[in-house]
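In this note's numbering, the protein residues as written are 445 to 765.
What follows is the structure, given as structure tokens:
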């Protein structure tokens, strides 16, 4: 029987991909340093022999395949993309073969892939999931992973995003605003309109202080868009049908809950120094020669270099120890 927690995690990410293009779909990491890193990694991976395919795990919409597409010696190969979210796979655009599946139970034969890659994905399955990924790499093949770092800036931002979303939801701003708007959508104001308006003003003050004091980032941008949408409905409630209002609030509640869950998952999956050592040792035990590894730093715009991720690349040179 499928683990209920895994099912819930998959649904949160499916919800994210279903909302792509909305205010909550801007989370995907876009860092120039990662583009440069992948270019440097992939140029050193030789072409596969005898049509052995390439595999991206937790692929999303093709985080790594977009970089492979720029490498002629790899781009002509069959590329497989596995993700738990069908919605994510529907957005692949580099000719990948889409496979809906679970990192914990990979549907591939052992030693069947020339190159197995992942960007901010395989770590969600823990060390057992990473071991499963290693098993897929062919003799002489490679794996290349870019992984969340527990003491990096992305982890710090995820913690702050989760905290901010949580405080916003706990403020009851959405519930109070919905109650107020529903007193105003009819031809006449409901008898409790003024009471609801007073409750809204009291809640509004706290939410505005929360947003003003929040650190700039994706969560703040998302909540400002939610705040502005609520303001539009409060100012002109009769422009909206009650069913439309209720549907919007229901959807927004679900999206914010999913957002917070994704941030929490990222935080839990990020690797500590001890975790990184365990991954490296496991790779060596499984017959890999580590060709490169280390923390990835982002130092653009003349700022102090900040740690954003950890990467590891290895080639299978022997069987398991």
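Yeah, the Cβ is synthetic: ideal placement off N, Cα and C, and Gly gets one too.
Return the CA-CA distance between residue i and residue j, expressed in angstroms with no decimal places.
i           : j           : result
residue 632 : residue 662 : 39 Å
residue 761 : residue 560 : 15 Å
residue 573 : residue 548 : 5 Å
residue 510 : residue 551 : 23 Å
residue 726 : residue 575 : 7 Å
residue 446 : residue 525 : Below a pLDDT of 50, predicted positions are generally treated as unreliable, and residue 446, at 42, falls in that range; no measurement from the model is reported.
residue 606 : residue 643 : 26 Å
residue 758 : residue 557 : 13 Å
residue 471 : residue 635 : Unreliable positioning characterises residue 471 in this predicted model, as indicated by a pLDDT of 41, which lies under 50. The coordinate reading is nonetheless provided below. C-alpha separation (whole angstroms): 42 Å.
residue 637 : residue 669 : 25 Å
residue 468 : residue 601 : Reliability fails at residue 468, whose pLDDT of 39 lies under 50, so the model's placement of it is uncertain and no value is given.
residue 754 : residue 489 : 19 Å
residue 562 : residue 568 : 11 Å
residue 484 : residue 610 : 39 Å
residue 665 : residue 685 : 27 Å
residue 546 : residue 529 : 9 Å
residue 409 : residue 703 : Residue 409 is absent from the model: the chain starts at 445 and stops at 765.
residue 706 : residue 589 : 20 Å
What does DSSP give as the partner residues of residue i in its beta bridges?
i           : result
residue 738 : 755
residue 543 : 526
residue 699 : None; residue 699 has no bridge partner.
residue 760 : 732
So, under 8 Å CB-CB, residue i and residue j are touching, yes? Tell me the CB distance rounded to an integer number of Å.
i           : j           : result
residue 709 : residue 724 : Not confirmed; about 23 Å, so no contact.
residue 591 : residue 564 : 7 Å
For the ligand HEM, any of its heavy atoms closer than 8 Å to the Cβ of residue i?
i           : result
residue 516 : Questions concerning the ligand HEM fall outside what the structure shown contains, since it holds no ligand whatsoever.
Length-filtered (4 minimum) alpha helix (DSSP H) runs lying within the segment 610 to 680: Taking only runs of at least 4 residues, the alpha helix (DSSP H) segments lying wholly in the segment 610 to 680 are 617 to 626, 637 to 657, 662 to 679.
Cβ contact check for the segment 600 to 618 and the segment 694 to 703: 3 or more pairs under 8 Å: A contact is defined here as three or more CB-CB pairs under 8 Å, and the segment 600 to 618 meets this definition with respect to the segment 694 to 703.
Cβ contact check for the segment 579 to 587 and the segment 651 to 662: 3 or more pairs under 8 Å: No, because fewer than three Cβ pairs between the segment 579 to 587 and the segment 651 to 662 fall closer than 8 Å, the two stretches do not touch.
The segment 629 to 644 in contact with the segment 496 to 508 per 3-pair CB rule at 8 Å: Taking 8 Å as the limit for Cβ pairs, the verdict is that the segment 496 to 508 does not touch the segment 629 to 644.
Stretch pair the segment 533 to 542 + the segment 587 to 596: three plus CB contacts closer than 8 Å: Using a Cβ-Cβ distance cut-off of 8 Å, the segment 533 to 542 and the segment 587 to 596 are not in contact, since fewer than three pairs of beta carbons, one from each stretch, lie closer than that value.
Continuous alpha helix (DSSP H) assignments of at least 4 residues falling wholly in the segment 546 to 608: Secondary structure in the segment 546 to 608: the alpha helix (DSSP H) runs of 4 residues or longer, each lying completely within the stretch, are 570 to 579 in chain order.
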